[in-house]
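For the sequence shown, the residue numbers in our numbering are 2 to 366. All remarks here apply to the structure that follows.
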Amino acid sequence: MIGAGPAGLLFSSLIKSHSVDVFEEHRRVGWPPHCAGLVSPATAIRLSSYAGRDVVGTSYHSLIIRSGLRPVLEASGSPLAVRIKRPLLEERLAEKTVNNGHRLLLGLRVRSIEPSIGAIRTNNAWEKYDLVVVAAGPKPSLIRGMPCIREYRLLNGLQAVVEAQRRTDPGVFEVVYSPLVSRRMFGWIIPLGDRRILVGTADEGTPYPGLQALLHMLGREGRLRRVEYYYGGKISRGPPCPKPAVGKTLMLGDSAGMVKPYTGGGLYGISVSAPIAASMVDEELEDIGEATAWLRRKLSAQYRLMRVASRLGPKASAKLLGIIGSSRHGLLALSRIDYDSHEGLLTSIAPRIPLIIAEALIHKA
């Protein structure tokens with residue numbers, strides 16, 4: 002197993018009939034953190050069933066979408082999204098992995114693999130395994146020769162944990178569309194409690210100017226007191242790999258492009274695919290790719306939606322969402338969207354388009 006993130010650790014913690022070596026280049030699991038951790042309530046329940054209820058953090062009952070500083074849409078649910086405590090999630094899964102008799106090899110980097118024969122190289126030593134599972138995130142240099150490597154869409158993400166000037170509603174998270182914040186994605190503002198807020202963005206080049214623009218917006222609103230620290234990393238936007246297993250190598254999580262393309266979130270795909278893969282490996286069943294084909298179709302539909310939104314750009318995307326938000330029927334459709342099923346936006350909105358347009362015209366008049 003290459004990678005002690007949530008994908009690798011969830012898979013390893015569930016393996017019973019084989020011994021597993023888990024290679025992790027960092028000396029501590031869960032660090033450095035690099036994820037906002039928002040998932041649907043259903044995904045939070047699945048993850049907590051494996052790692053314990055205390056890995057589930059704040060629940061968010063409302064989403065505000067902004068065009069710059071101007072709110073264009075507010076959607077509510079009970080709840081809309083839940084935040085997973087990523088470092089704690091990985092620590093709990095690491096404990097289960099070790100307690101099940103597997104080896105967790107920290108501070109040991111895998112430099113290359115040979116997918117066809119199941120061989121890995123650490124420093125100058127090669128070692129062969131019955132199966133190599135790659136769950137090391139989107140690292141093209143590591144998995145050359147795998148079928149989806151040329152298709153990766155990667156962005157550079159950067160987040161800041163900030164102290165707020167005043168208390169904010171802990172149940173409301175925000176999405177900010179602005180070309181100043183990101184030309185390829187959006188910014189996010191997520192309350193963490195105790196006047197602390199997670200603020201982040203992602204883009205193709207350096208995301209630092211976009212994050213500074215977002216922090217400046219918070220300052221203009223009187224919401225920013227000081228920045229505590231920054232952290233970031235690569236964000237994969239898919240698409241899902243059409244063939245995640247080759248030879249004696251299997252890819253999981255971000256390495257297989259199993260992410261929600263619109264947000265880059267990988268926890269949903271991990272919570273579904275890692276248990277399936279572990280069960281099939283334990284039972285020595287083949288064709289893991291076929292068992293998760295439905296998930297790849299789902300994420301592929303989300304990928305197509307993401308590509309459309311990217312072509313529209315932040316201004317047009319915010320305007321379109323504003324039109325939906327000005328309609329009672331549009332808000333009703335949004336309230337029924339699962340946070341981890343972005344492709345459901347089309348199936349929910351499409352039948353209501355004539356009513357949404359009519360209400361938007363009346364509202365404008």
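Cβ atoms here follow ideal geometry from the backbone N, Cα and C, with glycine treated the same way. Treat the numbers as computed from the prediction; the structure is a model and nothing was measured.
Secondary structure of residue i, DSSP reduced to three states
i: H35; result: coil
i: R185; result: coil
i: I325; result: helix
i: T44; result: helix
i: D55; result: helix
i: S20; result: coil
i: I338; result: coil
i: S13; result: helix
i: G194; result: strand
i: L70; result: coil
Own chain, CB closer than 6 Å to residue i, minus 5 neighbours either side, in chain order
i: V21; result: M2, S13, H103
i: S179; result: G69, P315
i: G53; result: R93
Exposure of residue i, with buried meaning 16 or more beta-carbon neighbours within 10 Å
i: L94; result: buried
i: L70; result: exposed
i: R154; result: buried
i: E175; result: buried
i: G206; result: exposed
i: I271; result: buried
i: R376; result: Outside the modelled stretch of the chain, which goes from 2 to 366, sits residue 376, for which no answer is possible.
i: E25; result: buried
i: E222; result: exposed
Those residues which DSSP pairs with residue i across a bridge
i: W127; result: R122
i: V135; result: I3, M252
i: Y304; result: Per DSSP, none; premise fails for Y304.
i: A257; result: Paired residues: none, contrary to the question.
Residue range of the alpha helix (DSSP H) that includes residue i
i: L90; result: 87-100
i: Y263; result: Element bounds for Y263: n/a, residue is neither H nor E.
i: G220; result: 209-221
i: M281; result: 268-283
i: L106; result: Premise fails: L106 lies in the beta strand (DSSP E), 104-107, not in any alpha helix (DSSP H).
i: I198; result: From DSSP, I198 is part of no alpha helix (DSSP H) but of the beta strand (DSSP E) over 197-204.
Spatial neighbours of residue i in its chain, beta-carbon cut-off 7 Å, leaving aside the 5 residues before and after
i: V73; result: I66, R67, A319, L322, G323, G326
Continuous beta strand (DSSP E) stretch holding residue i: start and end
i: G233; result: 225-237
i: A158; result: For clarity, residue 158 is Gly in the given sequence; the question names Ala instead. Where G158 is concerned, the enclosing beta strand (DSSP E) stretches over 155-165.
i: E175; result: 173-178
Any C-beta of chain B under 9 Å from that of residue i
i: E92; result: Structure shown: chain B not included; a single protein chain is present.
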